[in-house]
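One structure is given below, encoded as structure tokens.
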Amino acid sequence: MTTDLSKYDANQLPSADVLGRQRYAIVVADWNSDITFALAKGALDTLRKHGVQDDNIDVLHVPGTVELTYGAAHIMKEERVDAVIVIGCVIQGDTPHFDYVCQSVTQGVAALNAQGKVPVIFSVLTVLNQQQALDRAGGKLGNKGVEGAYTAIRMANL
Numbered sequence: 008m009t010t011d012l013s014k015y016d017a018n019q020l021p022s023a024d025v026l027g028r029q030r031y032a033i034v035v036a037d038w039n040s041d042i043t044f045a046l047a048k049g050a051l052d053t054l055r056k057h058g059v060q061d062d063n064i065d066v067l068h069v070p071g072t073v074e075l076t077y078g079a080a081h082i083m084k085e086e087r088v089d090a091v092i093v094i095g096c097v098i099q100g101d102t103p104h105f106d107y108v109c110q111s112v113t114q115g116v117a118a119l120n121a122q123g124k125v126p127v128i129f130s131v132l133t134v135l136n137q138q139q140a141l142d143r144a145g146g147k148l149g150n151k152g153v154e155g156a157y158t159a160i161r162m163a164n165l
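Numbering of the sequence shown is given in the working numbering, commencing with residue 8 and proceeding in unit increments.
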């Protein structure tokens, strides 16, 4: 499937000239990489499509979803970026681990956003099964990485 199913109004975005000067970071969890890498590709393609230069896109890989908060904080401390997109996928299992991981990353991203320095966009799938993840990573429900990139562009240009 293509990422075209994720709908947004490109007229709400700034010009490619503005976007060509902005810097974005994508922090990707390697856990569930079949899903997260598809989401990251959607985000990268969308940033490029709207004029963000490859030299102005940093991609940082972290082991899992819990580590996304640290990765985003590290990027924000070490580099000047206009927005950070965190990408992960947590699939519910038979233990409460799902709840702890989802709570950790949600609270972590919320805390980073509360600092008000740089918008951190939450592109983390929290799903009940593999099919729900596939549906949101380029399947019948679009690509949430595309939507994360669009949101990052909008937030970076408030």
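Quick reminder that beta carbons are idealized off the backbone N, C-alpha and C, glycines included.
Check                                                                                      : Outcome
Opposing strand residues paired with residue 130 [DSSP bridges]                            : 94
Cβ-Cβ separation, residue 140 to residue 131 (assumed contact under 8 Å), whole Å          : About 11 Å; that fails the 8 Å criterion.
Proximity to residue 148 [Cα-Cα], best of 34, 92, 138                                      : 138
Cβ pair count under 8 Å reaching 3, the stretch 62 to 72 against the stretch 26 to 43      : yes
As assigned by DSSP and simplified to three states, the class of residue 67                : strand
Rounded straight-line distance, which links the Cα of residue 161 to that of residue 20    : 6 Å
Three-way DSSP call (helix, strand, coil) for residue 164 in this model                    : coil
Nearest-angstrom beta carbon gap, residue 150 and residue 58 [assumed within contact, 8 Å] : Between residue 150 and residue 58 the Cβ distance is about 19 Å, and since that is not below 8 Å, they are no contact.
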